[in-house]
Amino acid sequence: MLPDLKDVERVVAIDPGSQCTGIAIFDYWPLLEAPHWRLHSALSVQIKPLDDVLKMATSVQREVGKINERTQIAIEYPEEQKYRKEFIRQNDIILLAHTTGLILSRLEPDPRRVSRIPPKEWKGGVPKPGATRRKKRGPRPYIIERRCRRLLGPEELDKILLPTATRRHTDVWDAIGLGLWSVHRCRMGCIPHD
Numbered sequence: 000m001l002p003d004l005k006d007v008e009r010v011v012a013i014d015p016g017s018q019c020t021g022i023a024i025f026d027y028w029p030l031l032e033a034p035h036w037r038l039h040s041a042l043s044v045q046i047k048p049l050d051d052v053l054k055m056a057t058s059v060q061r062e063v064g065k066i067n068e069r070t071q072i073a074i075e076y077p078e079e080q081k082y083r084k085e086f087i088r089q090n091d092i093i094l095l096a097h098t099t100g101l102i103l104s105r106l107e108p109d110p111r112r113v114s115r116i117p118p119k120e121w122k123g124g125v126p127k128p129g130a131t132r133r134k135k136r137g138p139r140p141y142i143i144e145r146r147c148r149r150l151l152g153p154e155e156l157d158k159i160l161l162p163t164a165t166r167r168h169t170d171v172w173d174a175i176g177l178g179l180w181s182v183h184r185c186r187m188g189c190i191p192h193d
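Spelled out as structure tokens, the structure:
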């Protein structure tokens, strides 16, 4: 369900992961001719595989900053995605749920200002990056990335900090897509469709 944005000035979209968490922050701009939501920043927080997820939650808290009553948190909530063909280990889902809970406990938001959104609700049936490879022409950009790039303006694209490891770019793009969906700039499946 889309979050209610009444009296909200900032939306923080979080795509939690066991090794990398994507964060996208959107601010409301009421002073323009047509008030709208703009991307403030997008980045990722990474930890080494052997570090614990408490460090991840603390790093997310440091990047997001102070949460007030006018901040809405939109966090991707882990669930078993039965529409996908690949096998998902139950331990991975448990670890993601643990990470999600620690992040929320560190941020200490008002529970009424937290939207726990399952991936299928905002992404639809978008395949993982590995499933979008062409046979002869090399890798194709991640579908969510292509769709988000179409929806963001040039000044917003300049505010995206991607990690050096390209396999971690999807975490940032997923956070941006979740944020765009949360501020009503796109519909389910992160439009426009290809």
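Going by numbering that gives the first Met the number 0, the first residue of the sequence shown is number 0, and it counts up by one from there. Each residue gets a CB set at the ideal place from its N, CA and C atoms; glycine is no exception.
Here I116 really is in contact with L177; their C-beta atoms are around 7 angstroms apart, less than 8 angstroms. Counting along the chain, E155 sits inside the alpha helix (DSSP H) bounded by residues 153-156. Contact fails between the region 143-162 and the region 94-114, because fewer than three Cβ pairs, one in each stretch, are under 8 angstroms apart.
Per the Cβ contact rule, the region 89-98 is not in contact with the region 151-166 (fewer than 3 Cβ pairs under 8 angstroms). According to DSSP, residue pairing for Y27 in a beta bridge involves W36.
Looking from the CA of G16, the closest CA among V7, W180, D170 belongs to D170. Burial is judged here by how many other beta carbons sit within 10 angstroms of a residue's own beta carbon; R69 has fewer than 16 and is exposed. Each residue's CA atom was taken as its position, placing E155 and I72 some 20 angstroms apart.
S181 is not bridged by DSSP to any residue. K54 is positioned such that its CB atom lies closer than 8 angstroms to that of I46. By the 16-neighbour rule on beta-carbons within 10 angstroms, R112 is buried. Judged by DSSP secondary structure, I116 falls outside any alpha helix (DSSP H) and instead within the beta strand (DSSP E) spanning 113-116. Look at V10 here: in three-state DSSP terms it is strand.
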